[in-house]
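Note sheet for the following structure.
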Amino acid sequence: MTLACAGLTAGCTSPRNTLGTNSSQCYRAIPVATDAVGDRGSLVGARLESVGSLHTRLHALLDARAPAVKTVCVVAFRGHFRTDQVKRPYGPPPESG
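For the sequence shown, numbering that gives the first Met the number 0 gives the first residue as 0, with consecutive numbering after it.
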C-alpha cells in the first residue's frame with residue numbers, strides 16, 4: 000500500500016471506508032496523489048487525520064517539513080509500487096526496497 004499526504008505520501012482508512020464532512024476537503028488531494036503514483040494501483044480512500052494520530056516516523060517527517068501543520072489529508076492506494084515509481088516519496092525507502 001502506498002500513502003500520500005497532501006500538505007505530502009500506509010492503513011489509513013477504516014474497513015467501512017466512510018468519509019465524514021471533515022474528510023471532504025481531502026477530495027482535492029486525490030488527483031495529486033493519483034499523479035504521484037502514476038495512475039498505478041487502486042484508490043483505497045482519503046481521510047483527514049491529525050498529525051498526532053500518524054505513525055511516529057511519519058509524524059517526525061511532517062514536523063521537520065512544516066511544524067505548524069496540525070492536520071493532513073492521507074490518501075491510500077492498494078498495489079505494488081517501487082520507490083522510483085512514486086513522485087516525491089516521503090521519507091526513506093522501506094528496507095525491502
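Note that beta-carbon positions come from the ideal geometry of N, C-alpha and C, so glycine has one too.
Checklist line | Residue of Gln-24, Arg-27, Val-36, Ala-28 minimising C-alpha distance to Pro-88 | finding: Looking at the Cα atoms, Val-36 is the closest of the given residues.
Notebook entry, point to check: Going by Cα to Cα distance, which pick from Ser-41, Gly-51, Arg-39 is closest to Met-72?
Noted result: Note that residue 72 is Cys in the sequence shown here, rather than Met. Measuring from the Cα of Cys-72, the nearest candidate turns out to be Gly-51.
Check: Just to check, is the beta-carbon of Val-36 closer than 6 angstroms to a non-hydrogen atom of the ligand SAH?
Finding: Here there are no bound small molecules, and the ligand SAH is not part of this structure.
Next item on the list: Compute the Euclidean distance between the alpha carbons of Arg-46 and Gln-84, then round it to the nearest angstrom.
Entry: 23 angstroms
Note to self: Report the CB separation of Ser-41 from Arg-77 in whole angstroms; it is logged as a contact under 8 angstroms.
What the structure shows: For Ser-41 against Arg-77, the beta-carbon gap comes to about 5 angstroms, under 8 angstroms, which counts as contact.
Note to self: Does Val-31 come out as helix, strand or coil in the three-state DSSP assignment?
What the structure shows: helix
Notebook entry, point to check: In terms of DSSP beta bridges, what is Thr-55 paired with?
Noted result: Answer by DSSP bridge pairing: none, since Thr-55 is not bridged.
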